[in-house]
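For what it's worth, the numbering used here labels the leading residue of the sequence shown as 1, then goes sequentially.
Cβ coordinates follow ideal geometry from the N, Cα and C atoms, glycine included.
In this text, all values refer to a predicted model and were calculated from it rather than measured experimentally.
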Amino acid sequence: MSSPIPSTRHPIIPIRSLLPELEGLEAAHKVQVRSVRGRFSRLRLGLLLLTQLVFLGLPWLQINDRQAVRFDLEAQRFHLFKLVLLPQDLIYLTGLLVISALLLFFVTTLFGRVWCGFACPQTVYTQLFIGLEKRFEGERHQRLRLDQAAWGPQKMARRGGKHLAWLALSFWVGLSFVGWFSPMRELGAQLLSLNLGPWEAFWALFYGGFTYLNAGLLREKICQHMCPYGRFQGAMLDADTLLVSYDAQRGEPRGKQTSKSSGACVDCSLCVQVCPVGIDIRQGVQSACIGCAVCIDACDQVMDKLQAPRGLIRYASENGAQAARLGWQLARPRVRIYAGLLLGLCLAMAWGLSQRDELRLDVIRDRGVMARQVDEGAVENIYRLQVVNLSEEARQIRLTLQGLPGAELVGSSSGSNGSTEFRGGEARSLVVAVRLSAPAAAALRLGKSGQGASSPIAFQISNGLGEQVEEPSTFVLPR
């Protein structure tokens with residue numbers, strides 16, 4: 001272990017864009033990334049495996065003979081393990097999006113653009129594509145030689161194999177994306193039998209094609225020119241934000257360490273060779289930097305070989321060592337505001353989900369038949385009921401009528417015990433009639449002193465477990 005570096009306070013170079021210096025040449029420059037090992041590279045690999053385990057693995061997970069996580073657009077419901085959400089539950093999706101945005105702001109305020117460097121899909125799939133490229137074309141120096149070599153059988157085989165592997169991975173990613181909306185196991189069977197549906201095939205090819213284009217061909221150009229996050233990140237940074245920074249006071253002047261006046265930087269350019277966006281961190285903190293910290297790993301390796309202290313490139317802030325302390329970071333007003341909002345929203349979401357009923361009932365009057373007179377002076381009103389069992393288990397649901405003496409339900413399709421079985425997550429539309437006997441109708445009309453009387457009623461459903469839901473409506477008499 002190297003000894004800790006004495007901290008010095010020095011201003012961080014302001015974030016700036018590379019575009020004025022490159023004068024349009026940046027888009028034509030192809031970045032060939034050198035492999036590096038280190039603590040931040042291992043962290044990136046771990047997050048890559050975690051994100052892909054979630055994205056590629058969750059659609060295959062089954063609970064109660066159905067897909068554990070699925071956006072079922074046709075049935076208009078979202079299955080999240082044992083939770084079933086309907087379009088009426090859009091507030092929870094909105095809350096999840098707001099929490100995600102606040103979490104992004106919170107992390108960016110603390111550590112800069114680490115989302116881009118460690119977990120962004122563009123970064124993750126670029127890593128995967130570079131890994132496949134390395135398998136076919138070798139390390140950075142071998143790929144550079146292959147770029148300059150004339151086309152021949154060997155180059156065609158290596159390049160062709162690489163692109164075939166990229167296309168296969170892209171299609172698998174596209175199929176997994178579709179699996180979040182369609183039954184994944186059915187998609188797998190359809191793919192093996194070459195019987196994939198037209199919409200499933202379109203979206204798999206569409207999403208897979210963009211994966212191939214963005215992660216295989218465009219790569220860092222997406223981060224530098226298309227993604228807006230790198231442009232407005234400055235609004236979320238302050239003097240205490242920890243950013244990947246080069247210690248110019250210690251490193252300059254660069255060169256071989258042949259004299260005492262030389263700085264710690266030996267100008268090996270490894271920090272540039274490992275950078276996935278091809279920038280030189282020694283030129284200052286730049287808007288193109290995605291905060292992946294692989295340049296820190298590369299520089300630490302060089303410092304270890306020179307038996308010099310690590311930290312020539314490190315996470316640092318304008319306020320120096322003071323901002324590196326966790327207590328100082330959490331005491332910042334902006335961090336406290338984000339943390340408070342995050343905690344409040346998470347508690348509100350948890351409370352809302354815990355108080356959410358497993359039953360849902362919506363009542364709609366039949367506008368075509370407001371009220372009708374039937375045999376022996378009885379009066380009927382027609383209603384359409386939407387009953388949903390939000391539980392994952394089958395439930396015996398009983399429908400009853402409250403609030404109107406002398407009225408009974410007709411056509412509720414109940415079983416012998418007055419209840420109907422609903423499968424887990426099942427929604428069913430029921431057309432029922434409420435029939436009021438002639439004496440009760442006469443009494444209601446008399447009590448209301450005239451024609452066109454009405455009375456409030458309530459439909460009630462229960463699942464036999466003590467949970468019940470009541471929905472009000474109105475019973476009217478014909479004029």
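- Judged by DSSP secondary structure, T241 falls outside any beta strand (DSSP E); it is assigned neither H nor E.
- In this structure Q148 is exposed. Its beta-carbon is surrounded by fewer than 16 other beta-carbon atoms within 10 angstroms.
- In the DSSP assignment, A427 falls within the unbroken beta strand (DSSP E) covering A427 to L436.
- Exclusion of the five residues before and after I279 leaves L18, V272, Q286, A288 and C289 as the residues of its chain whose Cβ lies within less than 8 Å of its Cβ.
- DSSP places L192 in the helix class (H, G or I) of the three-state scheme.
- When DSSP states are grouped into helix, strand and coil, D375 belongs to the helix group.
- Within the DSSP bridge table, the entry for A458 names Q402 and P472 as partners.
- According to the DSSP secondary-structure assignment, L50 is paired through a beta bridge with no residue.
- Under DSSP, no beta-bridge partner is assigned to E186.
- Remark: three or more beta-carbon pairs, one from each stretch, lie closer than 8 Å, so the segment 357-376 and the segment 450-464 are flagged as touching.
- Pairwise C-beta distances place the segment 213-233 in contact with the segment 107-127, as three or more of them are shorter than 8 Å.
- Assignment of I222 by DSSP, reduced to helix, strand and coil, places it in the helix class.
- Distance between S259 and R282, taken at the CA atoms: about 21 Å.
- Classified as exposed, H141 has fewer than 16 neighbouring CB atoms from the shown chains inside 10 Å of its CB.
- Beta-bridge partners assigned by DSSP to I397: T420.
- By the criterion of a C-beta distance shorter than 6 Å, F78 is surrounded in its chain by F71 and L85, once the five residues flanking it on both sides are discounted.
- Nearest Cα to F177 within the set L399, G464, W199 and M156: W199.
- Within the same chain, and ignoring the five residues on either side of A427 in sequence, the residues whose Cβ sits closer than 6 Å to its Cβ are V388.
- The Cβ atoms of S245 and R314 sit closer than 9 Å to each other.
- Under the three-state reduction of DSSP, F181 is assigned to coil, being neither helix nor strand.
- Straight-line measurement puts the Cα of L45 at about 10 Å from the Cα of T51.
- 9 Å or more divides the Cβ of R34 from the Cβ of L312.
- Taken in chain order, the whole alpha helix (DSSP H) runs of length 4 or more contained in the segment 250-283 are 270-273.
- For Q233, the closest of V107, Q62, R367 and Y92 by C-alpha to C-alpha distance is V107.
- Close CB contacts of T400 within its chain, under the 6 Å cut and outside five residues either way in sequence, are with Q460 (chain order).
- In the three-state reduction of the DSSP assignment, L361 falls in the strand class, which pools E and B.
- Annotation: W203 to V54 spans about 20 Å, alpha carbon to alpha carbon.
- Between E392 and G425, the gap from beta carbon to beta carbon is short of 9 Å.
- The C-beta distance from G161 to F129 rounds to 13 Å, too long to fall under 8 Å, and the pair is not in contact.
- Separation of I222 and T211 (C-alpha to C-alpha, rounded to the nearest whole angstrom) is 12 Å.
- In the DSSP assignment, D366 is bridged to no other residue.
- Shown here, Q307 sits in coil according to DSSP, grouped into three states, outside any helix or strand.
- Around the beta carbon of I63, a 10 Å sphere encloses fewer than 16 other beta carbons of the protein chains shown; the residue is thus reported as exposed.
- If you look at I313, you'll find it in the beta strand (DSSP E) that goes I313 to A316.
- Here DSSP, grouped into helix, strand and coil, assigns L409 to strand.
- The beta carbon of A378 sits closer than 6 Å to the beta carbons of R435, S437 and A438 from its chain, once the five residues preceding and following it are set aside; these are given in chain order.
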